[in-house]
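See below:
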């Protein structure tokens with residue numbers, strides 16, 4: 564579906580996460596198709612509740628029970644030589660891949676450091692859990708990574724987590740996730756609890772890492788401006804589905820999907836004209852009972868009869884730019900928004 | 005315009021025992037003077053640890069300052085008694101940051117909103133109470149039929165925040181201190197929430213002390229409320245100016261650094277961004293404040309005088325105050 | 006049921022809402038939970054036994070020597086004891102004492118523990134240090150020997166005195182954990198919000214903080230009650246309390262110590278009857294407590310009613 568010709572490191576097809584609740588069946592991720600190209604930074608944008616974090620959990624196979632993940636997640640693995648469906652791997656095999664080739668920095672993870680052990684122990688524990696027992700080597704690598712995230716190894720390795728500030732912990736966590744040289748790094752709201760300057764530092768650090776290590780990254784956030792300098796492509800999620808995906812320049816300058824348009828005009832940015840900032844009316848849908856037809860139709864200024872009955876499929880408005888909307892060509896085709 | 009809430013050289017020091025003989029102090033707020041007038045609002049911006057939350061608590065009367073005064077309509081808040089104290093308690097309210105813990109999880113929406121109305125005797129009869137709570141919910145765009153008997157865990161973050169807001173407004177206050185009120189909700193809902201606060205401001209005639217760390221949010225609120233932005237750092241106000249003056253013409257080097265750090269939607273701007281104009285990234289500890297100007301160790305423009313003398317907040321141009329030696333004239 | 010169809014058209018006295026919230030809905034939850042339903046039925050049966058039993062089956066302490074050790078029959082459903090007295094009537098007449106002491110003791114333990122825990126936690130400072138000190142001491146006193154000593158000192162024939170004696174140490178554990186929960190709730194934003202909204206301290210303590218620990222308190226109450234049954238029966242069984250009436254503990258004492266009923270198949274029914282009564286009560290209490298968390302924890306409670314609506 565995506566940019567053809569480029570090799571994708573991750574291909575998601577029909578990924579769905581289902582929960583059976585007393586009220587009914589909730590599909591918190593509903594039929595997501597997405598390709599991630601090798602060596603790119605993909606920004607995954609959506610509000611809380613849109614399914615973006617759950618999608619990441621699905622990729623890492625840490626969906627909290629009793630959720631059930633279906634569909635296929637095809638990963639180009641070097642460890643296992645070739646493209647394999649992560650969901651169909653037996654868990655023991657998957658564990659080899661997880662953290663070694665595929666790493667994730669979870670939301671609020673800086674609070675998940677074990678408060679009773681020093682940072683260096685965290686590195687050593689992670690390494691030995693994957694069969695790497697040479698302490699000297701591990702610490703040397705850890706030091707290099709800490710320098711990469713602009714921390715002082717001498718000081719940080721011997722510290723306890725509570726001795727570091729929020730921003731420092733987050734950077735240490737990023738370093739930890741890189742310990743085993745993963746090829747794909749997923750970051751879920753890595754800057755959400757941090758203030759402006761720390762946020763900027765982390766983004767600069769991520770840029771650095773990206774260029775030096777040639778990583779592939781999926782950056783998940785609800786705060787759109789954050790990924791402006793980092794991502795090459797963005798995917799917008801709404802109501803548990805991907806509704807628009809494409810190169811960042813196109814989507815930011817001329818968004819097509821009505822939700823994306825609404826979203827970009829409601830984020831208070833420093834440079835946007837104040838009179839152009841307006842909220843999106845309505846509320847986001849219920850995973851058990853999403854609206855029929857196009858899920859966004861109750862809040863959409865362009866809706867018509869068809870939108871209320873038929874679910875749309877992806878329309879490629881420009882090469883590599885896909886929009887899940889019946890009216891994609893009318894709204895977006897032709898260039899100017 | 006009459007003065008509603010005035011902070012005069014407020015200092016809040018917390019004792020932290022470290023050594024055997026000396027006691028150390030965390031100087032959370034180190035001499036802040038602000039005045040909130042009727043019909044106007046102040047937006048207080050600063051990073052975490054700058055003391056803005058502590059200042060918010062002092063303004064609301066929850067925390068007694070180590071020195072300095074808090075005046076409500078000219079009277080010292082912490083020496084008020086009886087009826088006057090009650091009056092202050094009612095007229096100065098607070099909206100918290102975290103929507104997940106600002107509502108009692110064992111109470112229904114109805115109970116949460118009815119309680120203050122009962123306590124202040126704003127509604128006399130039980131039947132009226134139901135009506136009044138329902139109309140409060142309608143004001144914030146929440147349909148009463150569905151929500152009246154829900155518990156907080158059945159509400160979204162934005163809904164909880166709106167309830168927290170209308171709860172504060174229901175007692176008819178004159179001042180609301182909003183401590184990071186929009187920070188914990190999604191970026192896409194912030195504007196909606198701020199618009200609601202501003203709309204209700206007209207109806208309830210309330211002035212806001214709006215605390216945030218996000219400059220883009222501060223800009224939006226300050227422009228829309230025609231208020232002021234004050235930049236706070238390590239317990240002091242470094243710059244103060246009306247509306248978005250601070251954004252258009254930042255004076256203090258710290259303000260400039262903050263502006264450089266804010267993520268922006270404009271791609272061209274984002275790509276060509278220069279590195280942060282800061283000599284050091286990490287904020288000094290509030291226990292061990294730098295000498296002279298507290299920003300000097302990180303300031304790219306620091307001069308010799310900056311490490312000796314602390315600059316005072318002075319008016320540079322009409323309504324625009326800054327505390328920086330770079331702008332000392334003579 | 007709970008949805009408000011037309012808010013303005015509704016006329017409901019607030020009294021009926023309290024009835025719904027505090028009585029009807031909790032009972033419904035108890036009924037829906039299988040374990041709690043059984044426990045509830047058991048407790049109701051015991052209550053009926055205690056209230057109506059003595060009327061229908063009056064105590065006959067004289068007995069008929071010819072009936073001694075008779076096995077269960079239609080006339081004597083649980084058989085007779087060594088004096089020919091009807092075991093069922095002894096059981097049924099002992100129930101009021103056992104039940105009232107148990108529930109009273111639970112009440113005393115909870116009231117004392119709650120009061121001390123909440124005051125220590127909320128007020129803090131020197132009062133807290135003092136109360137915690139006392140709590141720690143009481144926590145470490147071995148209860149059984151103390152009960153024995155107190156029982157010989159005070160006249161423990163009436164339920165209230167007995168319940169008080171048994172509560173002397175039981176409150177300490179509850180006080181400790183209530184205190185720590187209050188300490189953490191004290192700093193919660195919704196408590197701060199209540200302060201700013203102008204609510205007085207007693208409102209904050211009773212209407213804001215306490216509801217958050219209710220499920221813990223009720224479960225503790227039920228377990229304290231169960232404990233009381235053991236303690237009381239145990240004391241009678243050990244024979245350290247002078248008794249004047251027949252009750253389950255006394256029956257056990259008579260069965261085991263006095264007559265050696267346990268040693269023969271023909272007499273063991275005298276021992277088994279009170280044991281089954283005691284165990285049944287404990288079981289009922291514990292099963293019933295499974296519903297407590299569901300009633301008082303809003304997250305779980307609302308799950309029930311989603312299914313109902």
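Chains as they are written, first to last, in this note's numbering: chain A, 564 to 900; chain B, 5 to 334; chain C, 6 to 314.
Positions of the beta carbon are idealized from the N, C-alpha and C atoms, including for glycine.
Quick check: what's the CA-CA separation for residue i versus residue j?
i                      : j                      : result
residue 98 of chain C  : residue 60 of chain C  : 9 Å
residue 189 of chain B : residue 197 of chain B : 9 Å
residue 900 of chain A : residue 626 of chain A : Confidence is the limiting factor: at residue 900 of chain A the pLDDT is only 39, short of 50, which leaves the residue's position unreliable and the question unanswerable from this model.
residue 229 of chain C : residue 111 of chain C : 5 Å
residue 256 of chain B : residue 143 of chain B : 40 Å
residue 312 of chain C : residue 233 of chain C : Here the model assigns residue 312 of chain C a pLDDT of 44, short of 50, so the residue's position is not dependable and the matter cannot be decided.
residue 318 of chain B : residue 327 of chain B : 6 Å
residue 236 of chain B : residue 714 of chain A : 26 Å
residue 729 of chain A : residue 757 of chain A : 7 Å
residue 17 of chain B  : residue 573 of chain A : 53 Å
residue 18 of chain C  : residue 80 of chain B  : Only weak support is given to the placement of residue 18 of chain C: the predicted model assigns it a pLDDT of 41, under 50, and the value that follows is read from those uncertain coordinates. If I take the Cα positions, the gap works out to 44 Å.
residue 184 of chain C : residue 129 of chain C : 10 Å
residue 577 of chain A : residue 631 of chain A : 13 Å
residue 161 of chain B : residue 145 of chain B : 14 Å
residue 20 of chain B  : residue 752 of chain A : 33 Å
residue 648 of chain A : residue 618 of chain A : 15 Å
residue 6 of chain C   : residue 109 of chain B : The pLDDT assigned to residue 6 of chain C is 31, lower than 50, so where the model puts this residue is not dependable; a value taken from the coordinates is nonetheless given after this. Their Cα atoms are separated by approximately 22 Å.
residue 568 of chain A : residue 707 of chain A : With a pLDDT of only 39 at residue 568 of chain A, under 50, the local geometry of the prediction cannot be trusted, and the value read off the model is given with reservation. For residue 568 of chain A and residue 707 of chain A, the distance between alpha carbons rounds to 35 Å.
residue 888 of chain A : residue 763 of chain A : 34 Å
residue 137 of chain C : residue 173 of chain C : 16 Å
Of all the options the options, which has the alpha carbon lying nearest to the alpha carbon of residue i?
i                      : options                    : result
residue 806 of chain A : A:584, A:885, A:706, A:835 : A:885
residue 112 of chain B : C:276, C:213, C:264, C:146 : C:213
residue 194 of chain C : B:36, B:35, B:332, B:100   : B:100
residue 592 of chain A : A:600, A:622, A:889, A:606 : A:622
residue 660 of chain A : A:687, A:744, A:873, A:577 : A:744
residue 666 of chain A : A:742, A:674, A:845        : A:742
residue 607 of chain A : A:632, A:708, A:814        : A:814
residue 202 of chain B : B:44, B:95, B:233, B:28    : B:44
residue 107 of chain B : B:288, B:172, B:192        : B:172
residue 654 of chain A : A:624, A:636, A:682        : A:624
What residues from chain A crowd round residue i, counting only those whose CB sits closer than 7 Å?
i                      : result
residue 168 of chain B : Residues of chain A passing the Cβ test: none, with the nearest at roughly 17 Å.
Applying a beta-carbon distance threshold of less than 9 Å, which residues of chain B neighbour residue i?
i                      : result
residue 31 of chain C  : Within chain B, no residue comes near residue 31 of chain C; the closest Cβ sits about 14 Å away, beyond 9 Å.
residue 823 of chain A : Chain B residues near residue 823 of chain A: none, gap ~11 Å exceeds 9 Å.
residue 791 of chain A : 267, 268, 269, 270, 271, 273, 274, 275
Below 8 Å on C-beta distance, what does residue i contact in chain B?
i                      : result
residue 80 of chain C  : Chain B residues near residue 80 of chain C: none, gap ~54 Å exceeds 8 Å.
residue 733 of chain A : Under the 8 Å cutoff, chain B gives no residues; its nearest Cβ is about 13 Å from residue 733 of chain A.
Would you mind telling me which residues of chain C sit closer than 9 Å to residue i, beta carbon to beta carbon, in chain order?
i                      : result
residue 74 of chain B  : Near residue 74 of chain B there are no residues of chain C at all, since even the closest Cβ is about 14 Å away, more than 9 Å.
residue 199 of chain B : Near residue 199 of chain B there are no residues of chain C at all, since even the closest Cβ is about 23 Å away, more than 9 Å.
residue 123 of chain B : 202, 203, 204, 205, 208
Along chain B, which residues have their Cβ under 7 Å away from the Cβ of residue i?
i                      : result
residue 786 of chain A : 191
residue 304 of chain C : 157
* Determine, using beta-carbon pairs with one atom in the stretch 643-662 of chain A and one in the stretch 769-782 of chain A, whether at least three such pairs fall under 8 Å. => Verdict: no, contact absent.
* Asked: For the stretch 179-189 of chain B against the stretch 214-230 of chain B, are there 3 or more C-beta pairs whose distance is under 8 Å?
  -> yes
* **Contacting positions in the stretch 88-99 of chain B - beta carbon closer than 9 Å to chain C** => 90, 93, 94, 96, 97, 98, 99
* chain B contacts made by the stretch 180-200 of chain C, where a contact means CB separation under 9 Å -> Contact residues of the stretch 180-200 of chain C toward chain B are 193, 194, 195, 196, 197, 198, 199, 200 (C-beta to C-beta distance below 9 Å).
* Can you list, in chain order, the residues of the stretch 598-612 of chain A whose Cβ is nearer than 8 Å to any Cβ on chain B? -> 610, 611, 612
* Positions along the stretch 269-285 of chain B whose CB lies within less than 8 Å of some CB in chain A -> 269, 270, 271, 273, 274, 275, 277, 279, 280, 282, 285
* Residues of the stretch 151-179 of chain B with Cβ closer than 7 Å to any Cβ of chain C, in chain order -> Answer in chain order: 152, 153, 155, 157, 158, 175.
* **Cβ-based contacts, 9 Å cut-off: residues of the stretch 52-83 of chain B near chain C** => Hits within the stretch, in order: 61, 64, 65, 66.
* Asked: Is there contact between the stretch 210-226 of chain C and the stretch 294-309 of chain C, where contact requires at least three CB pairs shorter than 8 Å?
  -> yes
* Asked: Is there contact here, the stretch 195-208 of chain C with the stretch 122-140 of chain B, by at least three beta-carbon pairs under 8 Å?
  -> As far as the Cβ criterion goes, the stretch 195-208 of chain C touches the stretch 122-140 of chain B, which means the pair count is three or higher.
* Note down, in chain order, all residues in the stretch 98-113 of chain B with a beta-carbon under 7 Å from any beta-carbon belonging to chain C. => 98, 100, 102, 105, 106, 107, 108, 109, 110
* Which residues, in chain order, does the stretch 207-238 of chain B contribute to contact with chain A at a C-beta distance below 8 Å? -> 217, 218, 219, 220, 221, 223, 224, 227, 228
* Count the C-beta pairs between the stretch 111-124 of chain C and the stretch 178-192 of chain C that are closer than 8 Å, then say yes if the count reaches three, no if not. => yes
* **Under 7 Å (Cβ pairs) to chain B, residues found in the stretch 213-231 of chain C** => 213, 216, 217
* Asked: Is the stretch 78-97 of chain B close to the stretch 157-166 of chain C, with three or more CB pairs under 8 Å?
  -> no
* **Inter-stretch contact (C-beta, 8 Å, three-pair minimum) for the stretch 146-156 of chain C and the stretch 88-106 of chain C** => With a cut-off of 8 Å, the stretch 88-106 of chain C and the stretch 146-156 of chain C do not count as touching, because too few Cβ pairs lie within range.
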